[in-house]
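The structure appears right after this line, and notes come after that.
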Amino acid sequence: MPTHVLVLNAGSSSLKYQLIDPHTGAAAAAGAVERIGLSPAAARHTVGAAEHHREVECPNHDAAVAVLQQAFAEHGPDLAEVGLIAVGHRVVHGGHRFDGPTLVDDEVTAAIEGLVPLAPLHNPANLTGIRVARAAFPELPQVAVFDTAFHATIPPAASTYAVPREWREEHGVRKYGFHGTSHTYVARRVADLLGRPLPEVNTIVLHLGNGASACAVAGGRSVDTSMGLTPLDGLVMGTRPGDLDPSVPGHLARVAGLGVDDYDTALSRRSGLLGLTGSSDFREVMTRRDQGDTDAQLAFEVVVHRIVRHVGALAAVLGRVDAIAFTAGIGEHNPGLRAAVASGLDLLGVELDDAANAEAHDERRISAADSATSVWVVPTNEEGEIARECAELLG
Ligand code: ADP
9 MPTHVLVLNA
19 GSSSLKYQLI
29 DPHTGAAAAA
39 GAVERIGLSP
49 AAARHTVGAA
59 EHHREVECPN
69 HDAAVAVLQQ
79 AFAEHGPDLA
89 EVGLIAVGHR
99 VVHGGHRFDG
109 PTLVDDEVTA
119 AIEGLVPLAP
129 LHNPANLTGI
139 RVARAAFPEL
149 PQVAVFDTAF
159 HATIPPAAST
169 YAVPREWREE
179 HGVRKYGFHG
189 TSHTYVARRV
199 ADLLGRPLPE
209 VNTIVLHLGN
219 GASACAVAGG
229 RSVDTSMGLT
239 PLDGLVMGTR
249 PGDLDPSVPG
259 HLARVAGLGV
269 DDYDTALSRR
279 SGLLGLTGSS
289 DFREVMTRRD
299 QGDTDAQLAF
309 EVVVHRIVRH
319 VGALAAVLGR
329 VDAIAFTAGI
339 GEHNPGLRAA
349 VASGLDLLGV
359 ELDDAANAEA
369 HDERRISAAD
379 SATSVWVVPT
389 NEEGEIAREC
399 AELLG
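If you're matching positions, the sequence shown starts at 9 in my numbering and goes up one per residue.
Right, here's the structure in full:
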């Protein structure tokens, strides 16, 4: 009886994978082929405590799948023995068409292709992953799981931008939201940790990694989120600005002659922490702040202010907040950031337990017993969630 899902996350020059038991969410193996198209590419394959690294020639993603198959053949587990239920693909943008995990066929790949203008950096790479996996594992169902799908429940009042009708109707301009697999996973874990049924729990999830977004989850359903048409909106990120007055591009076109490609590059790759400090890495920014760097201090304050402002707005949307959960690289690992955010949330009666916040344990409550809103650290498991959704779709 097949038991596992092979989860693929294809980027423009990388193919990350995990072999997952969807019932536990645990990874039996994980790995990545990176620097695809460069010579040499780098392959990593981890099984338990054993980590295998090697340099490979890998001119394209077809070759990367062959590297993946070879890694399983050499280091295990044996894919035939484990038995695969499906290959699960992370796809960034599902537009308004995809509101759940979807079995891939030619019509579905054409629809994902049609959404490329909404996610020009991500959807083409995700499609490449689907194409090479269909060729390598032709006997298996391929399932697309979209970052946007969880947010299909956001009501029109929250997802509609007040812009001209033809932008909305002809060009799909609206809020979609991202990081859906992370937000849904974390919100479910919080309900489990609280020991309460998911439909009864209201949670604000703060996914703070290189990309960052906040999500209001009411009874397991997304009702609002900080990202929008693309993953540029909302919180301050590694290289993206988040909230921005929409007149900034027009202003810069007039005063500095910037064109569309200039903004796209500046707003996707040169803004956020990088724009404020010269480094996109939060850890490095924290080190500089400790050394008295004033740019790093300001960046920290901007990041915290933005999070507090979004949490306040999402709390008002929810009406009642039972829990706030921190996840992803920064959210899971930075007690100082969590403490600064918590101290801005007096309105929600948030009191941290400083010792619990400082601990290096994984999943835990970090609020004090008398905190009006409970606060949690929940390591995200996006691949586990993708595997779970694949298994659920396939019954
Ligand atoms: P991605 O969005 O690429 O998946 P991650 O969730 O891995 O990103 O988060 C990356 C961010 O997390 C970086 O800014 C990094 O500095 C930060 N980070 C990772 N580990 C730590 C840590 N121990 N302390 C502080 N920040 C950390």
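Every residue, glycine too, gets a C-beta built ideally from N, C-alpha and C. Just so you know, these numbers come straight off a predicted model, no measurement behind them.
Supposed contact pair residue j and residue i - C-beta distance, whole angstroms, cut 8 Å
i           : j           : result
residue 487 : residue 234 : Outside the modelled stretch of the chain, which goes from 9 to 403, sits residue 487, for which no answer is possible.
residue 25  : residue 45  : 18 Å between Cβ atoms; not a contact.
residue 20  : residue 41  : Actually they do not touch by this definition, with Cβ atoms about 13 Å apart.
residue 187 : residue 155 : 6 Å
residue 358 : residue 374 : Their Cβ separation, rounded to whole angstroms, is 10 Å, which puts residue 358 and residue 374 out of contact at 8 Å.
residue 69  : residue 150 : About 14 Å separates the two Cβ atoms, so there is no contact after all.
residue 54  : residue 71  : About 20 Å; that fails the 8 Å criterion.
C-alpha distance - residue i paired with residue j, whole-angstrom precision
i           : j           : result
residue 179 : residue 17  : 27 Å
residue 167 : residue 183 : 5 Å
residue 343 : residue 255 : 36 Å
residue 198 : residue 81  : 38 Å
residue 103 : residue 128 : 13 Å
residue 276 : residue 290 : 17 Å
residue 29  : residue 138 : 20 Å
residue 33  : residue 391 : 8 Å
Other residues of its chain near residue i: CB distance less than 7 Å, five sequence neighbours each side excluded
i           : result
residue 356 : 323, 329, 380, 381
residue 393 : 189, 192, 193
residue 48  : 63, 64, 65
residue 115 : none
residue 272 : none
Residue(s) in a DSSP beta bridge with residue i
i           : result
residue 54  : 38, 59
residue 223 : 213, 233
residue 101 : Its beta-bridge partners do not exist; DSSP assigns none.
residue 258 : Paired residues: none, contrary to the question.
residue 14  : 27, 95
residue 385 : 334, 372
residue 49  : 64
residue 360 : 375
residue 6   : Nothing can be reported for residue 6, as the shown portion of the chain is limited to 9 through 403.
residue 22  : 42
Nonlocal neighbours in the same chain, by C-beta distance under 6 Å from residue i, ignoring five residues either side
i           : result
residue 90  : 12
residue 10  : 91, 92, 93
residue 287 : 293
residue 246 : 218, 280, 281, 288
residue 214 : 222, 334, 339
residue 136 : 18, 69
Own chain residues within Cβ distance below 8 Å of residue i, not counting five before or after
i           : result
residue 278 : 247
residue 85  : 27, 36, 37, 55
Pick out every residue whose C-beta is nearer than 6 Å to a heavy atom of the ligand ADP: which are they, in chain order?
-> Ordered along the chain, the selected set is 217, 218, 219, 246, 289, 290, 291, 336, 337, 338, 341, 342.
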